[in-house]
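In UniProt numbering, the protein residues as written are 1 to 450.
Now the structure itself:
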């Protein structure tokens with residue numbers, strides 16, 4: 001999707017009870033890393049269940065530009081990697097579109113190579129700060145030889161002849177920063193150490209170990225994680241089955257909770273404990289969510305979810321839960337609109353630097369649709385209206401943010417009046433099947449309003 005494309009509005013209307021079975025696309029975090037680690041490993045990596053959204057495809061294109069061979073055969077992606085330490089200098093800038101994860105992790109991956117790499121992105125990504133990743137890379141000897149003001153894209157990295165291992169304490173809860181430093185350590189002699197005071201999603205650690213990296217994790221008595229990775233080791237291709245993305249599952253999940261009488265099953269959802277904060281919170285609110293057939297697939301916990309229409313109550317969501325649900329706050333705010341009482345969400349500073357200022361975008365969207373809410377610097381409180389009486393009727397500015405678009409379309413399924421989003425085109429970056437999946441469950445979403 002070009003960010004100059006003509007906006008495509010969509011309108012969601014009050015729907016009858018949702019029913020049926022849904023399978024959300026593969027987890028975005030694991031999909032990005034599958035392309036990256038497969039492209040870096042020696043030998044062949046085979047992937048099923050990959051999220052084929054635009055963001056992940058940009059990561060695949062970047063790995064191809066640096067020497068990996070990637071092709072799709074039937075339902076499987078086959079990758080022949082370069083071998084660790086053997087990436088090639090890309091002939092052209094790497095265009096990451098809207099992909100924050102892909103761009104930040106790739107900066108870590110290529111930063112310690114003795115070559116120049118230029119990163120570009122769309123208007124949204126170009127507005128997002130990259131300093132949090134570039135600061136530790138600079139300590140390893142990486143030069144930022146060109147960048148837009150504020151360490152933003154377009155930017156060019158130049159790696160040192162030989163990078164220096166560092167010990168880096170991550171100053172904020174960010175899986176992207178942690179992962180970027182660990183990936184930089186892959187091409188750095190010696191041991192690179194990341195100290196993580198607050199645990200974030202741990203797919204990088206788990207998957208690198210699966211590919212054969214010498215990586216160890218120790219947790220001290222204060223709960224602080226110390227992650228050690230030995231550089232210049234061998235990675236070997238793997239077979240990966242990507243489980244369903246819990247962030248994407250959040251949209252049909254909340255829709256079924258707030259549309260009375262709904263009863264749906266969402267299959268094959270990743271249940272890694274670092275990713276299930278939304279489910280925990282919705283159950284606390286009184287959501288009828290049954291976890292069925294829990295199982296292990298490729299080192300990750302997976303389950304099916306049965307979700308039924310529920311009478312929700314407001315809760316206080318603690319700040320320490322934020323890392324396990326940082327992408328789900330917009331749709332949680334929508335659930336809170338239909339809950340009895342107030343829901344207070346704390347520790348939301350990370351939302352300010354997402355695809356949009358996601359905290360402000362959510363608050364403005366709620367206000368446009370008659371919701372009583374208060375936006376703090378790092379908090380959001382929502383006072384709900386059970387049954388959605390009086391809610392809706394507004395148009396939401398999505399700011400090129402796929403999660404804002406999907407969240408407010410979910411809201412319109414249960415509010416008294418329809419909810420319009422000004423653009424739905426960017427939904428393809430993370431969840432190309434969203435409209436079809438929701439329609440199959442019975443959601444009334446008009447993609448071409450007059």
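All C-beta atoms in this analysis are idealised placements derived from N, C-alpha and C, irrespective of residue type, glycine included.
Could you tell me the distance, in whole angstroms, from the CA atom of residue i to the CA atom of residue j?
{"i": "residue 223", "j": "residue 249", "result": "29 angstroms"}
{"i": "residue 458", "j": "residue 388", "result": "Residue 458 cannot be examined here, being either before or after the span of the chain that is shown, 1 to 450."}
{"i": "residue 34", "j": "residue 370", "result": "42 angstroms"}
{"i": "residue 134", "j": "residue 395", "result": "37 angstroms"}
{"i": "residue 169", "j": "residue 227", "result": "10 angstroms"}
{"i": "residue 50", "j": "residue 261", "result": "32 angstroms"}
{"i": "residue 89", "j": "residue 342", "result": "53 angstroms"}
{"i": "residue 110", "j": "residue 144", "result": "12 angstroms"}
{"i": "residue 121", "j": "residue 178", "result": "22 angstroms"}
{"i": "residue 297", "j": "residue 376", "result": "40 angstroms"}
{"i": "residue 200", "j": "residue 174", "result": "6 angstroms"}
{"i": "residue 437", "j": "residue 429", "result": "16 angstroms"}
{"i": "residue 273", "j": "residue 292", "result": "16 angstroms"}
{"i": "residue 386", "j": "residue 54", "result": "37 angstroms"}
{"i": "residue 408", "j": "residue 338", "result": "13 angstroms"}
{"i": "residue 114", "j": "residue 243", "result": "35 angstroms"}
{"i": "residue 79", "j": "residue 46", "result": "6 angstroms"}
{"i": "residue 214", "j": "residue 156", "result": "29 angstroms"}
{"i": "residue 410", "j": "residue 392", "result": "11 angstroms"}
{"i": "residue 444", "j": "residue 413", "result": "7 angstroms"}
{"i": "residue 308", "j": "residue 20", "result": "11 angstroms"}
{"i": "residue 350", "j": "residue 378", "result": "8 angstroms"}
{"i": "residue 82", "j": "residue 288", "result": "47 angstroms"}
{"i": "residue 5", "j": "residue 136", "result": "36 angstroms"}
{"i": "residue 336", "j": "residue 348", "result": "16 angstroms"}
Can you give the beta carbon distance from residue i to residue j, rounded, assuming they're within the 8 angstroms contact cut?
{"i": "residue 154", "j": "residue 197", "result": "No, residue 154 and residue 197 are not in contact; Cβ-Cβ is about 32 angstroms, not under 8 angstroms."}
{"i": "residue 41", "j": "residue 185", "result": "With a Cβ gap of about 16 angstroms, residue 41 and residue 185 do not count as contacting."}
{"i": "residue 25", "j": "residue 304", "result": "Contact doesn't hold; Cβ gap of about 16 angstroms is too wide."}
Can you have a look at residue i and say buried or exposed, based on whether 16 or more other CB atoms are within 10 angstroms of its CB?
{"i": "residue 451", "result": "Any answer about residue 451 is impossible in this case: the structure gives the chain only from 1 up to 450."}
{"i": "residue 32", "result": "buried"}
{"i": "residue 98", "result": "buried"}
{"i": "residue 172", "result": "exposed"}
{"i": "residue 239", "result": "exposed"}
{"i": "residue 225", "result": "buried"}
{"i": "residue 148", "result": "exposed"}
{"i": "residue 16", "result": "exposed"}
{"i": "residue 131", "result": "exposed"}
{"i": "residue 75", "result": "exposed"}
{"i": "residue 447", "result": "exposed"}
{"i": "residue 72", "result": "exposed"}
{"i": "residue 282", "result": "buried"}
{"i": "residue 275", "result": "buried"}
In the DSSP output, which residue or residues are listed as bridge partners for residue i?
{"i": "residue 192", "result": "229"}
{"i": "residue 380", "result": "345, 375"}
{"i": "residue 143", "result": "158"}
{"i": "residue 12", "result": "419, 445"}
{"i": "residue 116", "result": "158"}
{"i": "residue 316", "result": "344"}
{"i": "residue 270", "result": "302"}
{"i": "residue 42", "result": "236"}
{"i": "residue 71", "result": "78"}
{"i": "residue 94", "result": "119"}
Checklist entry - Do the stretch 252 to 271 and the stretch 232 to 239 touch if we need at least three Cβ pairs shorter than 8 angstroms? => result The stretch 252 to 271 is not in contact with the stretch 232 to 239.
Item to check | At least 3 beta-carbon pairs within less than 8 angstroms: the stretch 299 to 308 vs the stretch 321 to 340 | outcome: Taking 8 angstroms as the limit for Cβ pairs, the verdict is that the stretch 321 to 340 does not touch the stretch 299 to 308.
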